[in-house]
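Numbering (the numbering used here), first residue to last: 5 to 105.
Structure first, then comments.
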Amino acid sequence: MDGDLFRLEELSLVSKVCTELENHLGVGEKDLAEFIISLAEKNKTLEKFRSALIKNGADFPESFVANLLRIIQTMKPRKQNMKVCTSTMLIQNHWCYWRGL
Numbered sequence: 005m006d007g008d009l010f011r012l013e014e015l016s017l018v019s020k021v022c023t024e025l026e027n028h029l030g031v032g033e034k035d036l037a038e039f040i041i042s043l044a045e046k047n048k049t050l051e052k053f054r055s056a057l058i059k060n061g062a063d064f065p066e067s068f069v070a071n072l073l074r075i076i077q078t079m080k081p082r083k084q085n086m087k088v089c090t091s092t093m094l095i096q097n098h099w100c101y102w103r104g105l
């Protein structure tokens, strides 16, 4: 169930980035959105993110880059509270729960 919610949040983020790309550049491709999200995950500051985009041939206006980074950092789903305890149990908030049968 939590994996489904995580995937839905990921898809929502990709969709939002696609919409922003379509609105600003006229191109809203899923692969491009996922690539930009990946760059944002690896380059967490505005300067590093903008530099990574430029290195990959995307010389976007700084305001657009800042907006993309803000959206990605705000909407990116987080899995930090859930770690696999065993193959059949999940740990969440330091407690293990059995997965449904």
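A virtual CB, placed ideally from N, CA and C, is assigned to each residue, including glycine.
| query | result |
| --- | --- |
| Stretch-stretch touch, CB-based, cutoff 8 Å, three pairs: the stretch 7-24 with the stretch 46-53 | no |
| Inter-residue CB distance, Val1 and Ile41 (contact presumed, cutoff 8 Å) | With the chain covering 5 to 105 only, the question about residue 1 has no answer from this structure. |
| Environment of Arg74 [buried if 16+ CB atoms lie within 10 Å] | exposed |
| Cα-Cα separation, Gly7 to Phe53 | 28 Å |
| Min CB distance Leu72 to chain C below 8 Å | This model lacks chain C altogether, as it is built from one protein chain only. |
| Simplified DSSP assignment, three categories, for Asp63 | coil |
| Cutoff 6 Å; reference Glu13; Cβ partners in own chain excluding five residues on either side | Pro81 |
| Proximity winner among Gly61, Phe10, His28, Leu9, relative to Leu72 (alpha-carbon distances) | His28 |
| Through-space distance from Val31 to Ile76, alpha-carbon basis | 18 Å |
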